[in-house]
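Number of protein chains: 2
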Amino acid sequence: MTDDRSPAWGPVPRTRAHELVVQAIEDQIMSGALRVGDPLPPERELASRLEVSRAGVREAVRVLEGQGVLRARVGAGADAGTFVAALPDGALTRFLRLHVALANFPYADVIDARVILERSSARLAALHADEAGIAAIRATLETGADASLGHAAYNDADTAFHVAIAEASGNRLVASMTVAIRESLSARILVALQDYEGWEELVATLHQQHLELLDAIERHDADAAEELAERHIRFAETALTSA
Amino acid sequence: MTDDRSPAWGPVPRTRAHELVVQAIEDQIMSGALRVGDPLPPERELASRLEVSRAGVREAVRVLEGQGVLRARVGAGADAGTFVAALPDGALTRFLRLHVALANFPYADVIDARVILERSSARLAALHADEAGIAAIRATLETGADASLGHAAYNDADTAFHVAIAEASGNRLVASMTVAIRESLSARILVALQDYEGWEELVATLHQQHLELLDAIERHDADAAEELAERHIRFAETALTSA
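Shown next as structure tokens:
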């Protein structure tokens, strides 16, 4: 393929062209033909093969770089070019958080999804958490129990508690999804806490539930841990939305 | 803010600059200050406020457009500009699929996550699926039962079966996650099927399991449905990886 005439006159408009290129690259990744570390063909060759303009290829590469799927490496010879990258840690959390914030999903679906994932995280943590994992969960309770710290600090500590359980589960994909959903609800939960009259009492109850959940995880009681996780989330949800 | 001097000499390199802009826009969405349909400030104003170059703003906008977070509207006056968009359906599935395909997670974690989500999808489908949902699941079995169609067609039909159950669950977020994980495994499952000696028999067993799962969903037996979903996935997984 040495044909470098870019068919800028083609029937495909620019925006559509770069979307087609994104799709083509993703297809190669999904089929396993392109793996992390593999180079993309040179811009000119890719444009020719896909029969789109080089501008279309360039735009597609920029979009995928923005998502962390591709990475440009500057240099000379075989080391230079555009490569497939492992998505950075936290990319999924960031994406799902945005998705939920943009209200792409009904709120009730998000809560039910949260319950499913946090039940599983709590169960897995009860089965697999080591001393360090349990210490990390406990540490979030020591800083977070106190309503006198204010709403935002409490909300952060509560998030940290749920994140620590997810991370103690030993399953990074489940943890990513669990964390993403809890974080996507953070802004909304903060507002609800601020509006809640007598929130100190609510926080005391939630803290008690956190201690019971931690206790079940420490006892390696997986059934109790998953039940307590669901009960806690449903309780907080009902309290905060009916306030 | 009418200052339009773009500090191109700033201490922040270009790539970092556009990442900062992406972060700033996401922060506004997360806090609820920017909602679907809201316009972004004009490029010049945003560059000035964030103290980055206009090129940095432009690049950030393109990245977020590529993710479906922003959309450009051409026109005159207040109707033109860049707006916050609802992420398109399927965007999360697409992103999660890529995430898993890029091997960011241990394979066992992916399988366990799949079991958790498909158990939940099957349970929810048993509780909530209507006639149309059940008909959609059944339709995938009618085309997919036949090994004579070949490995790829069988794999597609199997994917369609699991997708139809997820969609019948009535929870779009759980469905998105379930579908993403099944689709991310598709290339790998296809190769395993092709390598499997006597795969016609395996397909017959899998088909029988599919029928039993559909039957439990139709009977609204949620406990049976979730158990059958897990047993089916674990069975297929063991058969295909030990082949």
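Quick note, the sequences are listed as chains A and B, same order.
For any residue, its number in this note's numbering is found by taking its place in the first sequence, counting from 1, and adding 34.
For any residue, its number in this note's numbering is found by taking its place in the second sequence, counting from 1, and adding 34.
Where is the CB? At the ideal position from N, CA and C, for every residue including glycine.
- Using a 10 angstroms sphere on the CB of Glu165/A, the tally of other CB atoms stays under 16, which defines it as exposed.
- The alpha helix (DSSP H) runs lying completely inside the region 170 to 257 of chain B and spanning 4 residues or more are 185 to 202, 206 to 218, 220 to 229, 233 to 252, given in chain order.
- For Arg69/A, the secondary structure class from DSSP, reduced to helix, strand or coil, is coil.
- At a beta-carbon threshold of 9 Å, the residues of chain A lying near Gln101/B are Val97, Gly100, Gln101, Phe129, Leu132, ordered along the chain.
- Just measuring C-alpha positions, the residue of Gly178/A, Ala238/A, Ser203/A sitting nearest Asp143/B is Ser203/A.
- By the neighbour-count criterion, in which 16 or more other beta carbons inside 10 Å mark a residue as buried, Arg148/B falls on the buried side.
- The continuous beta strand (DSSP E) containing Val118/B extends over residues 115 to 118.
- When Cβ-Cβ separations below 8 Å define contact, Arg206/A makes contact with chain B.
- If you compare the alpha carbons of Arg157/A, Leu227/A, Asn189/A with that of Ala200/A, the shortest gap goes to Arg157/A.
- Taking the CA atoms as reference points, Ala221/B sits about 19 Å from Glu152/B.
- Residue pairing from DSSP places Arg105/A in a beta bridge opposite Phe117/A.
- Glu93/B has a beta carbon lying within less than 8 Å of a beta carbon in chain A.
- With contacts defined by Cβ atoms closer than 8 Å, Ala214/B and Leu80/B do not form a contacting pair.
- For Glu60/A, the nearest CB of chain B lies under 8 Å from its own CB, placing it at the interface with that chain.
- Proximity of Ala258/B to chain A, defined by a Cβ-Cβ separation below 8 Å, is not satisfied.
- Within its own chain, the residues whose Cβ lies closer than 8 Å to the Cβ of Val97/A, once the five positions on either side in sequence are excluded, are His52, Val56, listed in chain order.
- From the beta-carbon of Ile150/B, the residues of chain A found nearer than 8 Å are Ile150, Leu151, Ser154, Val208.
- The beta carbon of Pro73/A sits closer than 6 Å to those of Gly115, Phe117, all from its chain and outside the five residues before and after it, given in chain order.
- Looking from the CA of Glu77/B, the closest CA among Val70/B, Leu68/B, Ala67/B, Arg88/B belongs to Arg88/B.
- Between Phe139/B and Arg69/A, the CB-CB gap reaches or exceeds 8 Å.
- Going by C-alpha positions, Ile267/A is about 49 Å away from Pro75/A.
- Here the region 222 to 229 of chain B makes no contact with the region 160 to 174 of chain B; the two share fewer than three CB pairs at distances below 8 Å.
- Ser65/B counts as exposed, since fewer than 16 other C-beta atoms from the protein chains shown sit within 10 angstroms of its C-beta.
- Here Val55/B carries a helix assignment [DSSP, helix/strand/coil].
- Taking CB atoms only, Val70/B has a neighbour in chain A less than 8 Å away.
- At a cut-off of 8 Å between beta carbons, Leu136/B contacts chain A.
- DSSP, read as helix, strand or coil, puts Glu85/B in coil.
- Interface residue (Cβ-Cβ distance to chain A less than 8 Å): Gly66/B is classified as such.
- Under a criterion of Cβ atoms nearer than 9 Å, no residue of chain A is adjacent to Ile267/B; the nearest Cβ is some 15 Å distant.
- In this structure His133/A touches Leu126/B by the C-beta definition: roughly 5 Å separates them, less than 8 Å.
- In the three-state reduction of the DSSP assignment, Phe139/A falls in the coil class, being assigned neither a helical nor a strand state.
- Between Tyr188/B and Ala194/B, the CB-CB gap reaches or exceeds 8 Å.
- One thing to note: Ala159/A has its Cβ within 8 Å of the Cβ of Ala259/A.
- Within the same chain, and ignoring the five residues on either side of Met211/A in sequence, the residues whose Cβ sits closer than 6 Å to its Cβ are Leu151.
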